[in-house]
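Q:
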């Protein structure tokens with residue numbers, strides 16, 4: 005299968021490609037099918053610059069502990085960004101970093117899940133497991149739509165880290181769900197990809 009196209013629309017003129025970012029640091033990209041060229045923003049965008057977090061906070065504020073599947077579906081819509089893209093991006097959250105999954109996804113026009121800090125906390129007030137259910141629903145919907153995925157963090161290393169430290173269990177669970185749904189995961193330049 006041919007690698008998904010990673011070029012997104014609406015890139016910032018002040019951003020640089022990942023190839024340039026890593027080249028400046030002496031890292032050489034390998035080729036797997038097409039090259040994995042992603043735009044890296046010069047600075048991380050605040051949540052409010054990317055989406056209206058207040059919608060998530062407000063919706064969660066109307067919910068009770070006895071929330072419904074419709075509530076999960078509504079929150080999934082509110083936490084799904086760039087839904088029209090044919091490629092979704094998964095990876096680690098790195099606060100304040102341009103390499104955080106949501107920053108890379110936004111800069112490249114990929115579909116991604118993000119509730120923002122306040123939105124996550126608002127969902128947690130309803131139920132500690134609610135944000136995880138919404139995140140799972142997000143991923144299931146992307147799989148059902150047949151999207152390809154760019155993975156920003158090495159899946160094999162992520163599993164080892166999660167096993168040793170517990171860090172990144174959500175990302176590892178996402179990887180397992182992809183594999184359970186027939187996705188192949190392979191190296192993709194300095195990233196990884198999941199595709200059928």
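In our numbering, the protein residues as written are 5 to 200.
From the three backbone atoms N, C-alpha and C, an ideal C-beta is built for every residue, glycine too.
In this text, all values refer to a predicted model and were calculated from it rather than measured experimentally.
Per DSSP, what kind of secondary structure is residue 191 in: helix, strand or coil?
A: On the chain shown, residue 191 is found 187 positions in, with the first residue counted as 1. DSSP places residue 191 in strand when its eight states are reduced to three.
Q: What number of angstroms, rounded off, separates the C-alpha of residue 66 from the C-alpha of residue 52?
A: Residue numbering aside, residue 66 sits at position 62 when the chain shown is read from its first letter. Residue numbering aside, residue 52 sits at position 48 when the chain shown is read from its first letter. If I take the Cα positions, the gap works out to 21 Å.
Q: Taking the beta carbon of residue 150 as the centre, do at least 16 other beta carbons fall within 10 Å, making it buried, or is it exposed?
A: As a working mapping, residue 150 is identified with position 146 in the chain shown. So residue 150 ends up on the exposed side.
Q: Measure the C-alpha to C-alpha separation of residue 183 and residue 189 and round it to an integer number of angstroms.
A: Indexing the chain shown from 1 puts residue 183 at position 179. Indexing the chain shown from 1 puts residue 189 at position 185. In a straight line, the C-alpha of residue 183 is about 8 Å away from that of residue 189.
Q: Please report the distance separating the alpha-carbon of residue 163 from that of residue 157.
A: If you number the chain shown from 1, residue 163 lands on position 159. If you number the chain shown from 1, residue 157 lands on position 153. Going from the Cα of residue 163 to the Cα of residue 157 covers about 10 Å.
Q: For residue 142, name the three-state secondary structure that DSSP assigns.
A: Position 138 of the chain shown, counting from 1, holds the residue named residue 142. Three-state result, residue 142: helix.
Q: Can you list, in chain order, the residues of its chain with a C-beta nearer than 7 Å to that of residue 100? Leave out the 5 residues immediately preceding and following it.
A: Counted from its first residue, the chain shown places residue 100 at position 96. Cβ within range, chain order: 48.
Q: So, does the region 112-120 touch the region 131-149, judging by three or more C-beta pairs under 8 Å?
A: Flag = yes, the region 112-120 and the region 131-149 touch.
Q: May I ask you to report which of helix, strand or coil DSSP gives residue 154?
A: Here residue 154 refers to the residue found at position 150 of the chain shown. Of the three classes helix, strand and coil, the one that applies to residue 154 here is strand, per DSSP.
Q: Considering just the uninterrupted stretch of the beta strand (DSSP E) at residue 91, what are its terminal residues?
A: Residue mapping note: residue 91 aligns to position 87 of the chain shown, counting from 1. Counting along the chain, the beta strand (DSSP E) containing residue 91 begins and ends at 91-94.
Q: Give me the Cα-Cα distance between residue 127 and residue 50, rounded to the nearest whole angstrom.
A: Translated into positions along the chain shown, residue 127 becomes position 123. Translated into positions along the chain shown, residue 50 becomes position 46. Computed Cα separation, rounded: 20 Å.
Q: Here's the rule: buried if 16 or more other CB atoms are within 10 angstroms of the residue's CB, otherwise exposed. What is residue 83?
A: The sequence position of residue 83 within the chain shown is 79, counting from 1. Buried, by the Cβ-count rule.
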